[in-house]
Amino acid sequence: MSSYAISRRTFVAAAAAAAVAVVTPARPVASAEPNANPTIAARQRFFGAEHVDPRTGGVDPDKVILSWFGVTSFATAIAGDVFLLDAWVPRGEFSNRVPTSPTELAALAPSHIFIGHGHFDHAADATEIASLSGATIVGTEEHCRELDEQAATDLRTHPLSLDRTEFTLGGVTVRAVRHLHSGLRAPRGEQAPLVLAPDFTPTVEHPPTLQDLQHLADHA
Ligand SMILES: [Zn+2]
Numbered sequence: 068m069s070s071y072a073i074s075r076r077t078f079v080a081a082a083a084a085a086a087v088a089v090v091t092p093a094r095p096v097a098s099a100e101p102n103a104n105p106t107i108a109a110r111q112r113f114f115g116a117e118h119v120d121p122r123t124g125g126v127d128p129d130k131v132i133l134s135w136f137g138v139t140s141f142a143t144a145i146a147g148d149v150f151l152l153d154a155w156v157p158r159g160e161f162s163n164r165v166p167t168s169p170t171e172l173a174a175l176a177p178s179h180i181f182i183g184h185g186h187f188d189h190a191a192d193a194t195e196i197a198s199l200s201g202a203t204i205v206g207t208e209e210h211c212r213e214l215d216e217q218a219a220t221d222l223r224t225h226p227l228s229l230d231r232t233e234f235t236l237g238g239v240t241v242r243a244v245r246h247l248h249s250g251l252r253a254p255r256g257e258q259a260p261l262v263l264a265p266d267f268t269p270t271v272e273h274p275p276t277l278q279d280l281q282h283l284a285d286h287a
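Under our numbering, read the sequence shown as residues 68 to 287, first letter to last.
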């Protein structure tokens, strides 16, 4: 996916101290009746009904659960703390391929949104989700400033200095490191240039809506 740079130079790395990771794609719960509370319903859908208290919405504190929702975005629960790694629901040239929305992600009531790096396919839904949920955006000073400028309301942000460990959540230590990716460079040696054949299957199977095309054009 082509990318728009908020910052090409930085991303946030999480050094996981956790021992177990259960990866589950977002999926409907087996029960026909979703919980009437939107946060409990969303957490049951993303983390599995068996891991969510149906009265409080608390997620099993003994589990580490990552639920993928596109590119490198994960709804995450570690030691009962619920947060997002990246914030982008894939759409634009296709729609609803990943069946969720910024509104449903906000309903998870994440405490924090960690920005992996500043390209739109990692960060472009962060302001909407943070505005709806009150989650704190964690990223570099550049990420936090630019996302805050996009928001109509005041956002909570936690800017990280580069190369200094200064944030811990769910027993996981977070550090922002300088990183360059997608920089233009001539092929070296015998290496053939990488040519990617476009795959239009998602567009055919999940035709784009006008609104999603507009949303993509705004960010691209
Ligand atoms: Zn990128």
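Glycine included, each C-beta is placed from N, C-alpha and C at the ideal position.
inquiry  = Just to confirm before moving on: does the CB-CB distance between ASP148 and VAL138 stay below 9 angstroms?
reply    = no
ask   = Below 9 angstroms between beta carbons: does that hold for PHE150 and PRO177?
value = yes
ask   = ALA193 CB to nearest chain D CB: under 9 angstroms?
value = No chain D is present in this structure, which holds just one protein chain.
Through-space distance from GLY256 to GLY124, alpha-carbon basis = As the crow flies, the alpha-carbon of GLY124 is around 55 angstroms from that of GLY256.
inquiry  = Just to confirm, is the Cβ distance from ALA243 to LEU227 under 9 angstroms?
reply    = yes
inquiry  = Our contact map puts ALA173 next to THR194 with C-beta atoms below 8 angstroms; I'd like the distance itself, whole angstroms only.
reply    = With a Cβ gap of about 11 angstroms, ALA173 and THR194 do not count as contacting.
task = Could you pull the start and end residues of the beta strand (DSSP E) that ASP148 belongs to?
result = 148–152
ask   = If you follow the alpha helix (DSSP H) that HIS186 is part of, which residue opens it and which one closes it?
value = Element bounds for HIS186: n/a, residue is neither H nor E.
query = How long is the line joining the alpha carbons of GLY250 and ILE132, rounded to whole angstroms?
reply = 33 angstroms
message = Let's test the definition: count the other Cβ atoms within 10 Å of the Cβ of GLY115 and tell me whether it reaches 16, buried, or not, exposed.
response = buried
task = Please go through the same chain and pick out, in chain order, the residues whose beta-carbon is closer than 6 angstroms to the beta-carbon of VAL90, but skip the five residues on each side of it.
result = Only weak support exists for where VAL90 lies, its pLDDT of 48 falling under 50; the value from the coordinates is given anyway. Closer than 6 angstroms at the Cβ level, and outside the excluded window around VAL90, lie LEU133.
request  = Could you work out which residue in PRO121, PHE113, GLU117 is closest to ALA103 when comparing CA atoms only?
outcome  = Measuring from the Cα of ALA103, the nearest candidate turns out to be PRO121.
ask   = Under the rule that 16 or more other beta-carbon atoms within 10 Å means buried, what is VAL271, buried or exposed?
value = exposed
request  = Can you tell me which of the three DSSP states GLU267 falls into?
outcome  = Here residue 267 turns out to be Phe, not Glu, going by the sequence shown. If DSSP states are grouped into helix, strand and coil, PHE267 belongs with coil.
ask   = Where does THR194 fall in DSSP's three states?
value = helix
key: Cutoff 8 angstroms; reference PHE267; Cβ partners in own chain excluding five residues on either side   = none
message = Quick check on this structure: which residue in PHE187, LEU277, HIS225 has the alpha carbon closest to the alpha carbon of THR207?
response = HIS225
key: Through-space distance from ALA142 to TRP135, alpha-carbon basis   = 6 angstroms
First and last residue of the uninterrupted alpha helix (DSSP H) at PRO226 = Careful: PRO226 lies outside any alpha helix (DSSP H), inside the beta strand (DSSP E) at 223–227.
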